[in-house]
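Participant:
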Amino acid sequence: MPLKADLDAIDWKILKQLQDNGRITNVELAERVGISAPPCLRRVRKLEEAGIIQGYRAILNGAILGQDIVAFCMIRLHRQSDADLKNFAEKTKHWTLVRRAWMVSGESDFLLHCVSSDLSTFQNFVIEELTSTPNVDSVRTSLTIRSVKNEPLMVL
Numbered sequence: 001m002p003l004k005a006d007l008d009a010i011d012w013k014i015l016k017q018l019q020d021n022g023r024i025t026n027v028e029l030a031e032r033v034g035i036s037a038p039p040c041l042r043r044v045r046k047l048e049e050a051g052i053i054q055g056y057r058a059i060l061n062g063a064i065l066g067q068d069i070v071a072f073c074m075i076r077l078h079r080q081s082d083a084d085l086k087n088f089a090e091k092t093k094h095w096t097l098v099r100r101a102w103m104v105s106g107e108s109d110f111l112l113h114c115v116s117s118d119l120s121t122f123q124n125f126v127i128e129e130l131t132s133t134p135n136v137d138s139v140r141t142s143l144t145i146r147s148v149k150n151e152p153l154m155v156l
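For the sequence shown, the UniProt record's numbering begins at 1 and goes up steadily by one.
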């Protein structure tokens with residue numbers, strides 16, 4: 001599959017370093033990728049402006065913060081017209097328990113990654129919000145037992 005961006009070896013090294021440590025200083029980043037600081041900063045800004053780097057986040061420990069219920073919800077809709085899909089996708093943006101959402105192919109139409117403080121809160125969300133949403137045909141849930149791998153999103 002062809003890349004949608006024109007990246008050279010230095011760009012890939014920058015992306016790898018930033019994915020591993022988003023708090024790295026520009027000076028250290030430049031040193032690690034083998035260029036001086038000013039062109040490194042220009043490259044990072046170019047990657048940001050191109051939308052390749054979409055932002056920077058702290059990765060929080062949900063269990064320590066009392067958000068240790070992690071679940072996935074598979075949603076099937078009655079109708080899958082473009083308007084119906086867009087309508088449901090828009091609803092996901094307003095549900096605070098939904099941390100990530102994907103439109104998917106197969107038996108489900110949407111896959112929701114949910115995080116909650118307790119099982120009761122998650123159950124109430126499923127019953128009172130998801131299953132009662134217009135056009136929702138079925139909701140299947142899977143509670144996670146433990147995280148066994150947590151790598152950056154991209155393999156570089």
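Backbone N, C-alpha and C fix where the C-beta goes; we use that ideal spot for every residue, glycine too.
What is the C-beta distance between residue 160 and Val-44, in whole angstroms, given that I count them as a contact (C-beta under 8 Å)?
Facilitator: There is simply no residue 160 to check, as the chain begins at 1 and stops at 156 in what is shown.
Participant: Out of Ile-75, Asp-84, Glu-49, state which residue places its alpha-carbon closest to the alpha-carbon of Leu-111.
Facilitator: Closest by alpha carbon: Ile-75.
Participant: By a C-beta neighbour count over all protein chains shown, 10 Å radius and 16 as the cutoff for buried, is Leu-29 buried or exposed?
Facilitator: Counting Cβ neighbours within 10 Å, Leu-29 comes out buried, since at least 16 surround it.
Participant: Pop quiz: Val-115 and Leu-143 are said to be a contact at Cβ under 8 Å. What is the actual Cβ separation, rounded to whole angstroms?
Facilitator: Val-115 to Leu-143, Cβ: 11 Å. No contact.
Participant: Measuring alpha carbon to alpha carbon, tell me which of Val-136, Phe-122, Ile-69 ends up nearest Arg-81.
Facilitator: At residue 81 the sequence reads Ser, which differs from the Arg that was named. The option with the nearest alpha carbon to Ser-81 is Val-136.
Participant: Buried or exposed, going by whether 16 or more other CB atoms sit within 10 Å of the CB of Lys-86?
Facilitator: It counts as exposed.
Participant: Start and end of the beta strand (DSSP E) containing Arg-76?
Facilitator: From DSSP, the beta strand (DSSP E) with Arg-76 extends over 69-77.
Participant: Should Ser-108 go down as buried or exposed, given a rule of 16 or more other Cβ atoms within 10 Å for buried?
Facilitator: Ser-108 is buried by the Cβ-count criterion.
Participant: With a cut-off of 8 Å on the beta carbons, I'd call Ile-69 and Leu-119 a contact; round off their distance for me.
Facilitator: So it is a contact: roughly 6 Å between Cβ atoms.
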